[in-house]
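In what follows, a single structure is set out as structure tokens and then discussed.
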Amino acid sequence: MRDKTLKCWGSRWDSIDPLAGVVTAPPDVPLLAGVEDVRMGEGFLCARLESSNVACWGANQDGQLGLGTRDYSLHELPAEIPNFTADEIALSNSLACGRKGGEVSCWGGWGSNSSFGSSPTKVADLHGVTQIRGGGDAVCALASDSTIWCWTADGAMSHLLDPTEAEPQRLLENVAEFDMGSKATSIFLRMKDGTVRFRGAANNAAIVTSTVEGIVDPIRVVLGQSHQCAIMSDETVRCWGANVFGQLAVDPKLLKQSSLSVKVHL
């Protein structure tokens, strides 16, 4: 909100009554002010505040709230992570990370004790980081030398990494910027030469890195779960990926999927 408070709505999942926790009149999230950024994981959220402190709430079975404990209670009130500040935060399914300067610390992740714990733990051998993003089963970072690094919680199965690793794995170089969708079946990469690449796998296929034909120097790229769209410099929109539900603005009977970008006629 303009006053840097936060409102949330939707459903708090209940296995007995899925609609028991539905909120349709968004209230302010209590105990939270000065919100600069908020990110969502699987059943939990974290917010970065004006103070650079990080507050999280929701599920905590994997220690994803960063409070030094694990439990199966639903934490409805945000709690600040003790003795931790961040310039940027990123969340995947149950793994959370924060960047402070060029260093990254993570917590949570699939109940594993072998990679990250329930309190922020510095990611080893990763320095000079300028951007972090999370989604699905992975967190990725862009370093100052234009390389992309990704990792998962305790090597959990990933659509981005082969083999999967809890330690950062170098994917590509000469990257200008990147982004990830919430399901992280792919990662968007804008290269220094202006071309756009995607890395990922779908339907248990092999992990590949490919250039998207027809997409050079887009103004903006938006990622869906299995399709992507770009706004081009001539103000046209082009999309590619799955079209099972008409995501590419083409009759699904004529086209189920396209690795080539398709112009959307607006």
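Here the sequence shown is numbered in my numbering, starting from 141 and rising by one per residue. Backbone N, C-alpha and C define an ideal beta-carbon position, used for all residues, glycine too.
Return the residue from the list L171, N193, G249 and E176 that minimises the CA-CA distance to T209.
The count along the sequence shown starts at 1 and reaches residue 209 at position 69. That would be G249, whose Cα lies nearest to the Cα of T209.
Do the region 183-203 and the region 217-228 meet, that is, are 3 or more Cβ pairs less than 8 Å apart?
Contact between the region 183-203 and the region 217-228 is present, because at least three Cβ pairs lie under 8 Å.
Residue of G268, I359, K240 and K262 minimising C-alpha distance to S284
Position 144 of the sequence shown, counted from the start, is the residue given in the question as residue 284. Checked all of G268, I359, K240 and K262; the closest Cα to S284 is G268.
From Q397, L172 and Q387, residue whose alpha carbon lies closest to that of H405
Along the sequence shown, one-based indexing puts residue 405 at 265. The shortest Cα separation from H405 among Q397, L172 and Q387 belongs to Q387.
Comparing C-alpha positions only, which one of G203, R142, V315 and P260 sits nearest to T225?
The residue you call residue 225 lines up with position 85 of the sequence shown. Comparing Cα-Cα distances from T225 to each of G203, R142, V315 and P260, the minimum goes to P260.
Can you tell me the Cβ-Cβ gap for L235 and V279, rounded? I've got them flagged as a contact below 8 Å.
Residue mapping note: residue 235 aligns to position 95 of the sequence shown, counting from 1. Residue mapping note: residue 279 aligns to position 139 of the sequence shown, counting from 1. About 6 Å separates the beta carbons of L235 and V279, which is inside the 8 Å limit, making them a contact pair.
Who are the Cβ neighbours of R239 in its own chain at under 7 Å, not counting the five residues just before and after it?
On the sequence shown, residue 239 is found 99 positions in, with the first residue counted as 1. Answer for R239: A226, D227, E228, V269 and I272, listed in chain order.
Would you mind reading off the limits of the beta strand (DSSP E) that contains F328?
Stepping through the sequence shown from its first residue, residue 328 is reached at position 188. According to the DSSP assignment, F328 belongs to the beta strand (DSSP E) that extends over S326 to M331.
Beta-carbon contacts of E317 that lie in its chain and below 6 Å, excluding the five residues immediately before and after
As a working note, residue 317 is residue 177 in the sequence shown. Correct list, in chain order: R330.
Going by beta-carbon coordinates alone, are L282 and P308 separated by less than 8 Å?
The sequence position of residue 282 within the sequence shown is 142, counting from 1. The sequence position of residue 308 within the sequence shown is 168, counting from 1. P308 is positioned such that its CB atom lies no closer than 8 Å to that of L282.
Residues in the same chain with beta-carbon distance under 8 Å from S401, minus the five sequence neighbours each way, listed in chain order, please.
Here residue 401 refers to the residue found at position 261 when the sequence shown is read from its first residue. Only V352, E353, G354, I355, A370, R378, C379 and W380 meet the Cβ criterion.
Pull up the distance between the alpha-carbon of L171 and that of W247, whole angstroms please.
As a position in the sequence shown, residue 171 is number 31, starting the count at 1. As a position in the sequence shown, residue 247 is number 107, starting the count at 1. The alpha-carbon atoms of L171 and W247 are separated by roughly 22 Å.
Looking at the structure shown, is A283 part of a helix, part of a strand, or coil, going by DSSP?
By 1-based counting over the sequence shown, the position of residue 283 is 143. Strand.
Taking Cβ positions, are S258 and G174 nearer each other than 8 Å?
Within the sequence shown, numbered from 1, the residue matching residue 258 stands at position 118. Within the sequence shown, numbered from 1, the residue matching residue 174 stands at position 34. For S258 and G174, no; Cβs fall outside 8 Å.
Are the CB atoms of W197 and L207 nearer to each other than 8 Å?
Taking the first residue of the sequence shown as position 1, residue 197 is located at position 57. Taking the first residue of the sequence shown as position 1, residue 207 is located at position 67. Between W197 and L207, the C-beta gap is not smaller than 8 Å, which leaves the two residues out of contact.
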